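Trainee:
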Amino acid sequence: MTATSTTPITLCGFAVSNYYNKVKLSLLEKGIPFAEALVFPSQKEDLLAESPMGKVPFLRTPRGVLSESQVLTEFIEDSWPEPALYPRDSFERAQCRELIEHLELHLELPARRLYPEAFFGGTVSTETKQEVAPLLEKGLLSLARLARFAPLRRRRALHPRRLCGLDASAPDQPDHPQDLRARLHRRVSAPGQGLHKADRRTAARAEGQ
Ligand SMILES: N[C@@H](CCC(=O)N[C@@H](CS)C(=O)NCC(=O)O)C(=O)O
């Protein structure tokens, strides 16, 4: 079945979740009417019946429930092709998916291990930070190789020096990779308090803290 613009669908999750927002943005971009239900992750049977891992987001549709944010965005794209969020060309579509996969596997998943301290007022062990730092370093530096944000002209923002909190304008002397690595490690080990207080409270509730 191809869903129509009158199909009632409900996006379930909570607003601080990046995965939830990824799906919500697809719906908004396409102008699809949808309802939202506030659902927090849990291992309770009623939630597991809809979301097999007890995670959010998930999407209630007339044909049943779907989980996994990337699956949801692909479902939305397939069901409501216009306006298209992917390029028409198959290679360019693959490049978009390559970027999505890269961000998920090599940035989101390692960075997530720092969230308790970065966002929720908890602490993360030194061992975890030491494990995560080289993974994030590799993910961020490879993102700078992979991503082109033209015509938005965001390429400069991904310069390795910028990732390390330095001025990206060409230095007199080339940077020593070890110095950049050390700086990046320090940034990763001292993540900022990125959320507004209210967001942090919601997020902490979601994480059961
Ligand atoms: N791969 C899933 C990840 C979703 C995810 O991890 N969601 C978080 C909220 S942002 C969650 O439900 N966490 C609870 C848990 O991992 O049990 C997706 O893309 O939808």
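So that you can map any letter, position 26 of the sequence shown is 30 in the numbering used here, and since no number is skipped, the others follow by simple counting.
Just so it is clear, CB atoms sit at the ideal spot from N, CA and C, and this is done for glycine as well.
For clarity, every value in this text was computed on a predicted model and none was experimentally measured.
#1: Taking C-alpha atoms, which residue in 123, 139, 92 lies nearest to residue 110?
#2: I'd like to check one pair, residue 168 with residue 184: are the Cβ atoms closer than 7 Å?
#3: Can residue 136 be considered in contact with ligand 1, in the sense that its beta carbon sits closer than 6 Å to one or more heavy atoms?
#4: Measuring CB to CB, does residue 68 end up less than 7 Å from residue 43?
#5: In angstroms with no decimal places, state the Cα-to-Cα distance between residue 21 and residue 115.
#6: Any residue with its C-beta under 5 Å from a non-hydrogen atom of ligand 2 counts. Can you list them all in chain order?
#7: Could you check whether residue 66 and residue 24 sit closer than 7 Å to each other, using their CB atoms as the reference points?
#8: Where does residue 159 land, buried or exposed, given buried means 16+ other C-beta within 10 angstroms?
#9: Sort 35, 113, 148 by Cα distance to residue 136 and report the nearest one.
#10: Any idea what DSSP makes of residue 136, helix, strand or coil?
#11: Could you pull the start and end residues of the beta strand (DSSP E) that residue 14 belongs to?
#12: Do the region 84-94 and the region 31-41 make contact, defined as three or more Cβ pairs closer than 8 Å?
#13: Looking at the secondary structure, which residues open and close the alpha helix (DSSP H) in which residue 95 lies?
Mentor: Let me spell this out:
#1: 139
#2: yes
#3: no
#4: no
#5: 14 Å
#6: The ligand content of the structure shown is limited to ligand 1, which means ligand 2 is not among them.
#7: no
#8: Note on residue 159: pLDDT 47, under 50, position unreliable in the model; the coordinate value appears next. So residue 159 ends up on the exposed side.
#9: 113
#10: helix
#11: 14-17
#12: yes
#13: 94-106
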